[in-house]
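Residues in the first sequence are numbered consecutively from -1, following my numbering.
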Amino acid sequence: MTVFTTRADTIYGVTFMVLAPESDYVKACTTPEQAAAVEAYIATTKKRTERERIADRRVTGVFSGSYAINPVSGTEIPVWISDYVLAGYGTGAIMAVPAHDSRDYAFAKHFGLDIIPLIEGCDVSEQSLDAKEGIMMNSGFLNGLTVKEAIAAAKKHISEKGIGRVKVNYRLRDAIFSRQRYWGEPFPVYYKEGLPYMLDESRLPLELPEVDKFLPTEKGEPPLGRAKNWYYPSPTLPKGEGESSKIDLQDISESQSPSPSGRAGEGPFPLELNTMPGFAGSSAYYLRYMDPKNDKALVSPEANGYWRNVDLYIGGTEHATGHLIYSRFWNKFLFDLGIVCEEEPFKKLINQGMIQGRSNFVYRIKDTNTFVSLNLKNQYETTQIHCDVNIVSNDVLDIEKFKAWRPEFADAQFILEYPNPTLPKGEGDTQYSKSEQSQDETISPPLEGTKGRYICGWAVEKMSKSMYNVVNPDDIVEKYGADTLRLYEMFLGPLEQSKPWDTNGIDGVHRFLKKLWSLFYKETNLLISNDASSAEELKTLHKTIKKITFDIENFSFNTSVSAFMICVNELFTLKCSKKEILEPLVILLAPFAPHIAEELYHILGNHGTVCDAAFPICNESYLVESSVKYPISFNGKVRFMLELPADMPKEEVEKTAMTNEQTIKQLAGATPKKVIVVPGKIVNIVC
RNA sequence: GCCCGGAUGGUGGAAUGGUAGACACGAAGGACUUAAAAUCCUUUGGCUUCACGGCUGUGCGGGUUCAAGUCCCGCUUCGGGUACCA
């Protein structure tokens, strides 16, 4: 019997074998005494679908009556039959190592089979140790090796002795590469006697046919089932011939999809009715963009050699698993054919974080149409129901809107918070925080004035229509404008982090834009002047240019927004309304807040769009400091600051610091063991 | 289980091994106002001190270093992805 394992190192821990009920070996292994039990077991497993078998984790199985010999250890082990082993994977038979596989462990515990621990110091009295780490024991020639070493040693041993062979097993991801809809590239596939064949290259491109409606057919076929001429005349005919013979698809095949039959002989043959997903076209568009007017090839070698591949791909995680897989596959395929010059389509990938939703729940008492407020729900048996967040404010439900929301709630009854809610003592005067909340069910903040109101529960979940937690950015745009929304999304935190949508704090970025505006206008009076800038103003501007340039290169947009705020705060304090300063600032801001930047750019007297303006370049000479504030630290703890000339040599800094009276006071007569001076940074005195 | 991320104030977060908490929100106090909104000013990690100041502090335990949120080793825990795939 052949088994497949990724843990050859655990061979000495094998205490039994398990066959899938469908395995061909079942018959051979079943002894006459066990025949009735085995037959009964297989009969019950047959009734269950694979989905049920996967979903139901009850341990079931039956002993076959036979024993096998472990080829490495030479021990005799019983052969069992159980549906936790899948016939479709590996050989449909496994070597069971209960000490180090949780499924085998559950099985062994249930049927009282031996469990031999193989890792030094591990405890398998409660559960198996599945992790691939530790030092081997009870394992013959593998004893004393780490798991990693043991896997390699076991593989070597098995190959050399001819007991087994080493093989890399690939698993194919389910392609789900078709859609039952109209819009999408049609597959160049026809069916002959139920089997799919590719169209001859001369017949390409295959274009979408005309249909009367973009709807499924009455028989439930995809929309292409409505096309009149959707067939392939004959694989042997060149393009153009046979096309005129209008044959209704329905005549060709009674049932095309999902299992198109097609006829034998010379055709005509039905074409595939599904179309390709969005991934298909988008898997090569970046190549097409390089040479969009080329009607001879996907892309010319010259254009491809110039543009090569995409510098940056920003997309969500769903793209990483969907689109990118196809895109990379197509590109590698085209690379192998010599059509493209780069093996990879994208140089860099960034998965932006997801803006999650904050859902609200109402609690319906079972078998009634009565809803109970959050803090009272534990007194009843309730069902948690998602409720539209747009009819909830601060977790307080608008009951009238709720009744109007869906017809079945029109007559709903409500049990509200008691006039004097009996909250646990102390709960009303502490701030609630997310960390204190349990995951799926949360206690509402004990708001003042919840008495007599309906309070909803909440949770952070993926934003989705089905959870009624979708917030519309239009409301934010309406209230604050698109620039504020854009800046705020950046300001929330690092690009790659997910976080719940929470508008607390949006006022901050909005105030920033208003403050920027106030540098240009006092009420309706334009303040802009052409005066020369001070060194301080130039320093503020140029350190901002430096920071923004750096941040853009590093996709650190949240710190960019902070830098803009610092800049505007400083200019505000300096009362700076000089064109020489504000114009570069506005250009710098344009990628972050394009609308206001465009307007301010014009107010400064420019024509054309700010997008065409040259991006400002930092002039380091404005940033040079004449003095440095040295933190003077003792054993790493900063005690005071000392301002010294920036160009003061290291020895001089040390001398000045050591003779300073505060240093003498700190040392209190002790002699320092060591003094570290990092020029321009810090002084540390070890004592 | 495996893979990938995190863990820093009341909150979102900042910090090329060199002053932890930038910038914002919130909160408290004040100015302007008949009032409110808007705006402006001040304070704001914790403990302690009349004050100067001191102590403490970046999930936990070790280590490297003159110096660690940051580097190394070992954990805890949360989130995301994936899986009865042996």
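Glycine included, C-beta positions come from ideal geometry on N, C-alpha and C.
When DSSP labels each residue in this structure, what does residue i get in the three-state scheme?
i: Tyr103; result: helix
i: Thr669; result: coil
i: Thr4; result: coil
i: Tyr189; result: strand
i: Ser126; result: coil
i: Thr547; result: helix
i: Phe632; result: strand
i: Gln382; result: strand
i: Ala542; result: A quick correction: the sequence has Thr, not Ala, at residue 542. The answer is helix: DSSP assigns Thr542 an H, G or I state.
i: Ala408; result: coil
i: Val394; result: strand
i: Val70; result: coil
i: Val584; result: helix
i: Thr607; result: coil
i: Met134; result: strand
i: Tyr452; result: coil
i: Asn141; result: coil
i: Thr164; result: It is worth fixing the name first, because residue 164 is Val in this sequence and not Thr. The answer is coil: DSSP assigns Val164 none of H, G, I, E or B.
i: Phe277; result: helix
i: Arg177; result: strand
i: Phe344; result: strand
i: Arg56; result: coil
i: Ala94; result: strand
i: Tyr486; result: helix
i: Arg637; result: strand
i: Pro194; result: strand
i: Arg306; result: coil
Using alpha carbons as the reference points, say which of the options lies closest to residue i.
i: Leu84; options: Leu116, Met135, Val16; result: Val16
i: Pro194; options: Asn272, Thr215, Phe139; result: Asn272
i: Ala561; options: Cys574, Glu208, Thr547, Trp403; result: Thr547
i: Ile543; options: Phe510, Lys577, Val584; result: Val584
i: Ile683; options: Glu659, Glu578, Glu652; result: Glu652
i: Glu342; options: Tyr361, Tyr311, Glu623, Phe489; result: Tyr311
i: Val468; options: Gly355, Leu202, Glu131; result: Gly355
i: Ala148; options: Lys159, Ile161, Glu131; result: Glu131
i: Gly336; options: Gly314, Gln350, Pro299; result: Pro299
i: Gly182; options: Val164, Gly162, Glu205, Met196; result: Glu205
i: Ser100; options: Pro592, Gln125, Ile117; result: Gln125
i: Gln350; options: Asp121, Glu521, Glu494; result: Glu494
i: Gln178; options: Arg201, Leu213, Ser527; result: Leu213
i: Ala278; options: Lys545, Ser554, Trp328; result: Trp328
i: Pro203; options: Phe185, Gly218, Lys190; result: Phe185
i: Val608; options: Leu621, Phe590, Asn528, Ser625; result: Phe590
i: Gly119; options: Asn556, Ala97, Asp112, Phe105; result: Ala97
i: Pro19; options: Thr4, Val77, Glu581; result: Val77
i: Val70; options: Leu602, Glu208, His155, Thr482; result: His155
i: Ser80; options: Ser281, Ala41, Gly72, Asn68; result: Ala41
i: Leu269; options: Gly479, Ala295, Tyr229, Ile674; result: Tyr229
i: Leu642; options: Val1, Lys44, Val626; result: Val626
i: Phe359; options: Cys339, Gly634, His321, Tyr452; result: Tyr452
i: Glu74; options: Met93, Tyr82, Val57; result: Met93
Are there 16 or more other CB atoms within 10 angstroms of the CB of residue i, so buried, or fewer, so exposed?
i: Asp309; result: exposed
i: His108; result: exposed
i: Thr8; result: buried
i: Ile630; result: buried
i: Tyr283; result: exposed
i: Cys685; result: exposed
i: Gln429; result: The predicted model places Gln429 with a pLDDT of 30, which falls under 50 and marks its position as unreliable, so this point remains unresolved.
i: Asn617; result: exposed
i: Arg509; result: exposed
i: Asp334; result: exposed
i: Ala6; result: buried
i: Pro275; result: buried
Give the DSSP bridge partners of residue i, in chain order.
i: Phe562; result: In the DSSP output, where bridge partners are listed per residue, Phe562 has none listed.
i: Ile413; result: Val370
i: Pro643; result: Ser625
i: His65; result: One detail in the question is off: residue 65 reads as Tyr in this sequence, not His. Answer is Pro76, bridged to Tyr65.
i: Ser527; result: Lys576
Inset, instruction - Pair every Cβ in the region 361 to 379 with every Cβ in the region 459 to 475, then say whether three or more of these pairs are closer than 8 Å. - result: Contact between the region 361 to 379 and the region 459 to 475 is absent, with fewer than three C-beta pairs closer than 8 Å.
Legend entry - the region 511 to 527 contacting the region 359 to 370, beta-carbon criterion three pairs below 8 Å: no
Legend entry - the region 572 to 587 / the region 527 to 534 touching (three or more Cβ pairs under 8 Å): yes
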